[in-house]
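Below you'll find the structure, written out as structure tokens, and then a few comments.
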Amino acid sequence: MKYKSQAVAKLYFIAAIGLFLGQILFGLIMGLQYVVGDFLFPAIPFNVARMVHTNLLIVWLLFGFMGASYYLIPEESETELFSPKLAIITFWVFLAAGAITVLGYLLVPYASLAKWTGNDLLNTMGREFLEQPLPTKVGIVLVALSWLFNIVMTVLKGRKTAISLVLSLGMLGLAVFFLFSFYNPVNLVKDKFYWWWVVHLWVEGVWELILGAMLAFVLIKVTGVDREVVEKWLYVIITMTLVTGIIGTGHHYFWIGAPAYWQWWGSVFSALEPIPFLMMTIFAFNMVNKRRREHPNKAAVLWALGTSVMAFLGAGLWGFLHTLAPINYYTHGTQLTAAHGHLAFFGAYALVVLTMISYAMPVLRGRAANPERAQIMEMWSFWLMTIAMFFIALFLTGAGIVQVWLQRMSPTPMSFMAVQDQISIFYWAREGAGLVFLIGLLLYIGSFFVKGESHAFE
Amino acid sequence: MSATFTKSMARNVFYGGGVFFFLLFLALTFDTMKVLPKRDNSQNITPAVAHGKKLWETNNCIGCHTLLGEGAYFAPELGNVYTRRGPDFIKAWIKGQPTGVPGRRQMPQFNLSDADIDDVVAFLKYASEINTNKWPPNIEG
Chain A
896 MKYKSQAVAK LYFIAAIGLF LGQILFGLIM GLQYVVGDFL FPAIPFNVAR MVHTNLLIVW
956 LLFGFMGASY YLIPEESETE LFSPKLAIIT FWVFLAAGAI TVLGYLLVPY ASLAKWTGND
1016 LLNTMGREFL EQPLPTKVGI VLVALSWLFN IVMTVLKGRK TAISLVLSLG MLGLAVFFLF
1076 SFYNPVNLVK DKFYWWWVVH LWVEGVWELI LGAMLAFVLI KVTGVDREVV EKWLYVIITM
1136 TLVTGIIGTG HHYFWIGAPA YWQWWGSVFS ALEPIPFLMM TIFAFNMVNK RRREHPNKAA
1196 VLWALGTSVM AFLGAGLWGF LHTLAPINYY THGTQLTAAH GHLAFFGAYA LVVLTMISYA
1256 MPVLRGRAAN PERAQIMEMW SFWLMTIAMF FIALFLTGAG IVQVWLQRMS PTPMSFMAVQ
1316 DQISIFYWAR EGAGLVFLIG LLLYIGSFFV KGESHAFE
Chain B
602 MSATFTKSMA RNVFYGGGVF FFLLFLALTF DTMKVLPKRD NSQNITPAVA HGKKLWETNN
662 CIGCHTLLGE GAYFAPELGN VYTRRGPDFI KAWIKGQPTG VPGRRQMPQF NLSDADIDDV
722 VAFLKYASEI NTNKWPPNIE G
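Residue numbers (the working numbering), protein chains in the order written: chain A, 896 to 1353; chain B, 602 to 742.
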């Protein structure tokens, strides 16, 4: 690596991969509970497994984003990180807070956890994805601020590039919009309305800035295409992200008590949300086609192209599938939502973090690229995980369509639980695909331990 | 992309577009807050409803159920459960958990007092009277 302080990224990447494995194990538990309802009950009820599954996802992606920025910002800024020590302290604080929180979910009844952690002072818990106890939420804010501070100080003392600017803006947005997690009015409509300011404005807003910056960085490195070209693309893509995504928040306001005009605003703008993702796909393939060098890290190129395609499919296409209000009227809150959620998070965010790790980790370990055999194993893991996740999304889509028909469209609607029995075959198939995903992930982890002759730096 | 469209032009479009659409979003939000009292049933928020919402949250009900379509998809929609099942059924159901039927999805026993359960029901009644633009499509949720 060019700058010594980039080494802190390694800690973050290792933690991210470890937590990713945890997330998948809990996903498999939940998948089985869908068909064997009393599996692990009452030790790990479904709601606890789900909290662990989704919270681990958020935390490992944040670790990935942080590690990625500690790696790429010194290189972009052409200077050492402002404070590697602060980055290391932040890492351990975040890891400890995350571990204690997950143990709290698993070992203590949620109501007791709420009581012991000061939820009576300020009610913030018990809302989807924002289940963290108050001290953890405060911790997340502090960690995000420390991260932002460290990155911005580094950018300020060095070269200022579009990539570091966009990344910093994304991080600023991440920190600012998370503050809405502390606002929980008794009025359920307002609660839901502003809850989306964290959830939607994160994943369909500012996180896409971080995603774009990371992808642009890796593409410059592996293709050698002129920075001016890449950064122009980056700006155009994230412009479309914000133009479509901000008002696109309206697609969550159709049925929660907000005025009906959101059906128009939300439908029209969110229908355009696939555009930035399609542009990202075109961008990535274009850059790779115009490459000026053959980078020895072929796996990283595969992850980068894979991100652009799967983000388009998961976030773009699967989002579009049910975003128009007249369709969403029937699909809202069904397995179709779950299908989209899985493919979008994997395609856009899990894959971009893995792209970054794939590019940076060999460098952090003192080589330009991993040995051929390790790369082949890594590429196998890419295909296994990607195809498995695609099938998970397909099976959940099947489940969702049948669910919508039996429960909401049929002239003789069936009850929720009766419908669940009817679609169990899809859930079994999903669990099978989940196991394949786990094999892919284990192979991925294994690829780090494959020995052989690695590619030295040129 | 063409050479006449420079990076700094792209950057300006990004800032301009981002700011414009965020301001538009704020304007729509402002209007929403203004008209919300006609739709959100907030006139019926009593201390019991507030306490019921807190119990809803501190027992992580959203970890299995949906409420107005949002949450987990493991257990039935509860935004309209008050109209679907009625108060007595809901109370008996919460008290009777878990069913212990082998292989069936299980709901934990939350050990709520009768007064607490009344408040949860008050919250669900309040939620069922929010104007949701006629969602869900039918009583099954």
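A virtual CB, placed ideally from N, CA and C, is assigned to each residue, including glycine.
Computed from a predicted structure; not experimentally measured.
(request) Output, in chain order, the set of chain B residues within a Cβ distance shorter than 7 Å of A:D933. (result) P703, G704, R705, Q707
(message) Starting from A:L923, trace the alpha helix (DSSP H) in both directions and tell me its first and last residue.
(response) 903-928
(request) Say whether chain A places a C-beta atom closer than 8 Å to the C-beta of B:E658. (result) yes
(message) Considering only DSSP beta bridges, list what A:H1350 is partnered with.
(response) A:A1264
(request) Check each candidate in A:L1330, A:A1155, A:F1207 and name the one with the smallest Cα separation from A:L1238. (result) A:F1207
(message) Below 8 Å on C-beta distance, what does A:T1134 contact in chain B?
(response) A611, V614, F615, G618, G619
(request) Using a Cβ cut-off of 8 Å (strictly closer), state whether A:S1162 contacts chain B. (result) no
(message) I'd like the list of long-range same chain contacts for A:V1038, defined as Cβ closer than 6 Å, with 5 residues on each side in sequence excluded.
(response) T985, F989
(message) Give me the chain B residues within the contact set of A:S1310, using Cβ-Cβ distance strictly less than 7 Å, ordered along the chain.
(response) E741
(request) Run down chain A in chain order and give the residues with a C-beta less than 8 Å from the C-beta of B:I718. (result) The contacting residues do not exist; B:I718 stays about 14 Å from chain A at best.
(request) Determine the contact status of A:A1155 and B:T633, defining contact as a CB-CB distance below 8 Å. (result) no
(message) Assuming the contact rule is C-beta atoms closer than 8 Å, A:A1220 and A:F1149 should be a hit. Round their C-beta distance to whole Å, please.
(response) 5 Å
(message) Using only the alpha-carbon positions, how far apart do A:F908 and A:W955 sit?
(response) 9 Å
(request) Check each candidate in A:G1107, A:T1229, A:E1267, A:E975 and name the one with the smallest Cα separation from A:G1053. (result) A:E975
(request) List the residues of chain B whose Cβ lies closer than 7 Å to the Cβ of A:E1123, in chain order. (result) K608
(request) Run the CB neighbour count on A:E973, radius 10 Å, all protein chains shown included, and call it buried at 16 or more, exposed below. (result) exposed
(request) Mind listing the chain A neighbours of B:R773? Cutoff is C-beta to C-beta under 8 Å, in chain order. (result) With chain B covering only 602 through 742, there is no way to say anything about residue 773 of chain B.
(message) Using C-beta distances below 6 Å, list every residue in its chain close to A:E1126, excluding the 5 sequence neighbours before and after it, in chain order.
(response) So the qualifying residues of the chain are A1057.
(message) Measuring only the C-alpha atoms, how far is A:I1142 from A:L1249?
(response) 30 Å
(message) Relative to the C-alpha of A:F1290, which candidate in A:I1318, A:P1266, A:R1122, A:R1268 has its C-alpha closest?
(response) A:I1318
(request) Return the bridge partner residues of B:G672 from the DSSP annotation. (result) B:T667
(message) How far does the alpha helix (DSSP H) with B:W736 in it extend, from its first residue to its last?
(response) Counting along the chain, B:W736 falls outside any alpha helix (DSSP H), and DSSP gives it neither H nor E.
(message) Tell me the rounded alpha-carbon separation between A:P1191 and A:I983.
(response) Their Cα atoms are separated by approximately 30 Å.
(message) For A:L1060, tell me which candidate among A:F1178, A:M1309, A:L967 has the shortest Cα-Cα distance.
(response) With distances taken between Cα atoms, A:L1060 lies closest to A:L967.
(message) Measuring alpha carbon to alpha carbon, tell me which residue in A:M1272, A:Y929, A:K1116 is nearest A:M865.
(response) Residue 865 of chain A lies beyond the residue range present for chain A, which begins at 896 and ends at 1353; the question has no answer from this structure.
(request) Mind checking who B:E678 pairs with in its DSSP beta bridge? (result) B:E678 is bridged to B:T667.
(message) For a contact defined as C-beta to C-beta under 8 Å, what are the partners of B:A673 on chain A?
(response) F941, N942, R945, E1023
(request) Would you kindly report the start and end of the unbroken alpha helix (DSSP H) that includes B:A728? (result) 715-729
(message) Within 10 Å of its beta-carbon, does A:S884 have 16 or more other beta-carbons around it, so buried, or fewer, so exposed?
(response) This structure cannot speak to residue 884 of chain A, because chain A is shown only from 896 to 1353.
(message) Within 8 Å of any Cβ in chain B, is that where the Cβ of A:H1350 sits?
(response) no
(request) Between the Cα of A:P1171 and those of A:G1209, A:L1197, A:T1226, A:W1275, spot the shortest distance and give me the residue it belongs to. (result) A:G1209
(request) Use the C-beta contact count for A:F1072: other C-beta atoms within 10 angstroms, 16 or more gives buried, fewer gives exposed. (result) buried
(request) List the residues of chain B that A:L1137 touches, going by C-beta distances under 7 Å, in chain order. (result) Chain B residues near A:L1137: G618, G619, F622.
(message) Beta-carbon within less than 6 Å of A:P1178's beta-carbon, same chain only, minus the 5 sequence neighbours each way: which residues are those?
(response) Reading off the sequence, residue 1178 of chain A comes out as Phe, not Pro. If we look at A:F1178 and ignore the five residues flanking it on each side, its Cβ neighbours are W1128.
(request) Pull up the distance between the alpha-carbon of A:K1085 and that of A:T996, whole angstroms please. (result) 27 Å
(request) Return the chain-ordered ranges of every alpha helix (DSSP H) run that is complete within the segment 1162-1208 of chain A and spans a minimum of 4 residues. (result) Counting only runs of 4+ residues, the alpha helix (DSSP H) found wholly inside the segment 1162-1208 of chain A occupies 1169-1184, 1193-1206, in chain order.
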